[in-house]
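Taking it in order: structure first as structure tokens, then the write-up.
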Amino acid sequence: MKELNLSTSQVMKILLRALDHIDVRLVDHGHRVAYIVYKMMQADGSYSEKEMQEICIVAALHDIGAYKTEEIDQMVQFESVHVFDHSIYGYLFLKHMSPLRKWAEVILYHHFNYGMYWHPDRKHLKIADMIHLADRVDIMLQNGAENLSLEAISRKQNLRFSKTTMELFQKAGERYDLNGDIKNGSYLNELVELISTAEYNEETLLEYIKMIAYSIDFRSETTVSHVITTVSISRELGKLFGLNDHELKKIQLGAYLHDIGKIATPLAILEKPGGLTHEEMLVMREHIETTGEILRGRIHDEILKIAYRHHEKIDGSGYPNHLKADELKLSERIVAVADMMSALTGKRSYKESFPKETVIEIMEKQKETGKLCGRVIDSAIRHYDHIM
Ligand SMILES: [Fe+2]
Ligand SMILES: [Fe+2]
Ligand SMILES: [Fe+2]
């Protein structure tokens, strides 16, 4: 997506930045595991550049399911005792919510002892085994181990890796300074460099953006359904205003990402039944700043603005920058209206979904008081049934 300045590495940075807000340690662990797997693949020599890029992304996300199990505080627990929950969640996430579905099974098996399961595709087996080993190695390094004795961990934890995986790790260790590169941080640049050169078409990049929006699902399902509804209402409104494909794409991407900052909002506030107190409201509003922080410098400026400005009001009473009518573009106004419409028509923790009459009444009021764009509201009401 050249004209939208969207690249795989930027999209990955947005995703990892968003996940950082749930738990930095887990993101860093993912990076290190991806790096070790990368070096093993290089030592192997039979992987294409594209495979290495995809597998490294998968390896970086191998524990993504742990965000759901809320056992992050007990890394050792979910990585050794209860390994299945996060493996299954991660597998389902990759399979149904990402463009990496063809590698999903690698995540499913990343804690299995080699030889315990059968898979028709040997490559998946091999990669799952490499991730398994890299994962154990990283845990050891983080626990301060200087010498990596695979025999020792295998014996102690009753783990079994394939002979090939062990040899690859050995080879990678001889060729590269794994421990040193991880300690001095240079491994990260290498990883970023590898992923940056990946070229994906527009469709795939859009799938990555969706994957980012869906990653909030690990914390709040209602937020994700709200986001999806906001995207489709925005698109319909955009079409009604005759926007071209390029503009529609920007609207769509901005809408997908508009509430990504809620990944940092405490669940007690995000899912609170009933109204928020003043203090809680202030915390809720911080999601805008987090959205900005996650996206800034990593995405087309217009897309950033669409996401960052969805709580601005025509009369300047919105937030975060109290912008006024003449500063708000049509695309930004459209997503602001779609956001409200989606909230009114959807079921939230604090309310049931409103019937059409109530929604229209509230929207009319937004127009009369000069809060949301009158033209967009008129169009939304006129085509209500079609849009919904
Ligand atoms: Fe794991
Ligand atoms: Fe792990
Ligand atoms: Fe919002």
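Mapping the sequence shown onto our numbering, position 92 (from 1) lands on 92, and the numbers just tick up by one.
Don't be surprised by glycine CBs; every beta carbon is placed ideally from N, CA and C.
Owing to the predicted nature of the structure, the values given are computational and were not obtained by experimental measurement.
(message) With a threshold of 6 Å (Cβ to nearest heavy atom), would Asp44 be considered close to ligand 1?
(response) For the purposes of this step, residue 44 is taken as residue 44 along the sequence shown, with counting starting at 1. Asp44: no, Cβ never under 6 Å from ligand 1.
(request) Counting only the same chain and skipping the five closest in sequence on each side, list residues whose C-beta sits under 7 Å from that of Ile233. (result) Translated into the one-based positions of the sequence shown, residue 233 becomes position 233. These residues qualify, in order along the chain: Ala338, Met341, Ser342 and Ile387.
(message) So the candidates are Leu94, Asp20 and Leu178; which of them puts its Cα closest to the Cα of Glu54?
(response) What you label residue 54 is simply residue 54 of the sequence shown in a count that begins at 1. Comparing Cα-Cα distances from Glu54 to each of Leu94, Asp20 and Leu178, the minimum goes to Leu94.
(request) Measure the C-alpha to C-alpha separation of Asn179 and Arg136 and round it to an integer number of angstroms. (result) Numbered from 1 along the sequence shown, position 179 holds the residue referred to as residue 179. Numbered from 1 along the sequence shown, position 136 holds the residue referred to as residue 136. Near 13 Å, if we compare the C-alpha coordinates of Arg136 and Asn179.
(message) Helix, strand or coil for Lys356? Go by DSSP, reduced to three states.
(response) On the sequence shown, residue 356 is found 356 positions in, with the first residue counted as 1. In the structure shown, Lys356 sits in a helix (DSSP, three-state: H, G or I).
(request) Please name the residue, chosen from His29, Glu105 and Leu191, that lies closest to Asn143 on a Cα-to-Cα basis. (result) Taking the sequence shown and counting its residues from 1, the one referred to as residue 143 is at position 143. Checked all of His29, Glu105 and Leu191; the closest Cα to Asn143 is His29.
(message) Starting from Lys210, trace the alpha helix (DSSP H) in both directions and tell me its first and last residue.
(response) As a first step, residue 210 is located in the sequence shown; it is residue number 210 there, counting from the start. Glu202 to Tyr214 is the span of the alpha helix (DSSP H), which, as asked, contains Lys210.
(request) From the DSSP output, read off the bridge partner residues of Lys351. (result) For the purposes of this step, residue 351 is taken as the residue at position 351 of the sequence shown. In DSSP, Lys351 forms a bridge with Arg348.
(request) Please state if the CB of Ile288 and the CB of Lys250 are separated by a distance shorter than 7 Å. (result) To locate residue 250, count along the sequence shown from 1; it is residue 250. To locate residue 288, count along the sequence shown from 1; it is residue 288. Not a contact, by the Cβ cut-off of 7 Å.
(request) Check whether the Cβ of Asp23 sits closer than 6 Å to any heavy atom of ligand 1, and report yes or no. (result) Translated into the one-based positions of the sequence shown, residue 23 becomes position 23. No, ligand 1 has no heavy atom inside 6 Å of this Cβ.
(request) Take Met236 as the anchor and find which of Arg298, Asp85, Ala255 and Ser220 has the nearest alpha-carbon. (result) Locating residue 236 in the sequence shown gives position 236, counting from the first residue. The sequence shown places Glu at residue 236, rather than the Met named in the question. Per the Cα distances, Ala255.
(message) Quick check on DSSP: helix, strand or coil for Leu253?
(response) Translated into the one-based positions of the sequence shown, residue 253 becomes position 253. In the structure shown, Leu253 sits in a helix (DSSP, three-state: H, G or I).
(message) To the nearest angstrom, how far is the alpha carbon of Ala380 from that of Val335?
(response) As a working note, residue 380 is residue 380 in the sequence shown. As a working note, residue 335 is residue 335 in the sequence shown. Taking the straight line from one Cα to the other gives about 12 Å.
(request) Could you check how far apart the C-beta atoms of Lys351 and Asp315 are, in whole angstroms? I think they sit under 8 Å. (result) The residue you call residue 351 lines up with position 351 of the sequence shown. The residue you call residue 315 lines up with position 315 of the sequence shown. The Cβ separation is near 25 Å, so there is no contact.
(request) Please classify Asp20: does DSSP put it in a helix, a strand, or coil? (result) For the purposes of this step, residue 20 is identified with residue 20 of the sequence shown, where counting begins at 1. DSSP places Asp20 in helix when its eight states are reduced to three.
(request) Report the option in His82, Leu282 and Met211 whose CA atom is closest to the CA atom of Pro266. (result) Numbered from its first residue, the sequence shown carries residue 266 at position 266. Residue Leu282 is the option with its Cα nearest to Pro266.
(message) Within a Cβ cutoff of 8 Å, which residues of the same chain sit near Val224, ignoring the five residues on either side of it in sequence?
(response) Locating residue 224 in the sequence shown gives position 224, where the first residue counts as 1. Excluding residues within five positions, the ones whose Cβ falls inside 8 Å are Ala213, Tyr214, Ile216 and Asp217.
(request) Check each candidate in Cys56, Arg25, Val24 and Lys50 and name the one with the smallest Cα separation from Lys39. (result) For the purposes of this step, residue 39 is identified with residue 39 of the sequence shown, where counting begins at 1. Residue Cys56 is the option with its Cα nearest to Lys39.
(message) Mapping the DSSP letters down to three states, classify Cys56 as helix, strand or coil.
(response) Residue mapping note: residue 56 aligns to position 56 of the sequence shown, counting from 1. Note: Cys56 maps to helix in three-state DSSP.
(message) Within 10 Å of its beta-carbon, does Phe161 have 16 or more other beta-carbons around it, so buried, or fewer, so exposed?
(response) Start at 1 with the first residue of the sequence shown, and residue 161 comes out as number 161. Counting Cβ neighbours within 10 Å, Phe161 comes out buried, since at least 16 surround it.
(message) So, at 8 Å on beta carbons, what are the nonlocal neighbours of Ser87 in its own chain, with the 5 sequence-adjacent residues on each side left out?
(response) Numbered from its first residue, the sequence shown carries residue 87 at position 87. Closer than 8 Å at Cβ, skipping near neighbours: Gly65, Ile107, Leu108, Tyr109, His110 and His111.
(message) Taking the straight line between their C-alpha atoms, what separation do you get for Asp138 and Arg32?
(response) Taking the first residue of the sequence shown as position 1, residue 138 is located at position 138. Taking the first residue of the sequence shown as position 1, residue 32 is located at position 32. For Asp138 and Arg32, the distance between alpha carbons rounds to 7 Å.
(message) Going residue by residue through the segment 143–188, where are the continuous beta strand (DSSP E) segments of at least 3 residues, counting only ones entirely within it?
(response) none
(request) State the CB to CB distance for the pair Tyr47 and Met41, rounded to an integer number of angstroms; the pair is presumed to be in contact (CB under 8 Å). (result) The residue labelled residue 47 in the question sits at position 47 within the sequence shown. The residue labelled residue 41 in the question sits at position 41 within the sequence shown. Yes, they are in contact, since the Cβ atoms of Tyr47 and Met41 sit about 4 Å apart, within 8 Å.
(message) Taking 6 Å as the cut-off, is the beta-carbon of Asp28 closer than that to any non-hydrogen atom of ligand 2?
(response) One-based indexing of the sequence shown puts residue 28 at position 28. No, the Cβ of Asp28 stays beyond 6 Å of every heavy atom of ligand 2.
(request) Can you have a look at Gly261 and say buried or exposed, based on whether 16 or more other CB atoms are within 10 angstroms of its CB? (result) Residue numbering aside, residue 261 sits at position 261 when the sequence shown is read from its first letter. Looking at its Cβ environment, which holds 16 or more other Cβ atoms inside 10 Å, Gly261 is buried.
(message) For ligand 2, is there any heavy atom lying closer than 6 Å to the beta carbon of Asp135?
(response) Translated into positions along the sequence shown, residue 135 becomes position 135. Asp135: yes, Cβ under 6 Å from ligand 2.
(request) With a cut-off of 8 Å on the beta carbons, I'd call Arg219 and Ile377 a contact; round off their distance for me. (result) Position 219 of the sequence shown, counting from 1, holds the residue named residue 219. Position 377 of the sequence shown, counting from 1, holds the residue named residue 377. Actually they do not touch by this definition, with Cβ atoms about 31 Å apart.
(message) Please give the ranges of any beta strand (DSSP E) in the segment 300–387, keeping only runs that are unbroken, at least 3 residues long and fully inside the region.
(response) none
(request) Check whether the Cβ of Asp217 sits closer than 6 Å to any heavy atom of ligand 2, and report yes or no. (result) The residue you call residue 217 lines up with position 217 of the sequence shown. Answer for Asp217: no, Cβ out of range of ligand 2.
(request) Using three-state DSSP, classify Leu4 as helix, strand or coil. (result) The sequence position of residue 4 within the sequence shown is 4, counting from 1. In the structure shown, Leu4 sits in a helix (DSSP, three-state: H, G or I).
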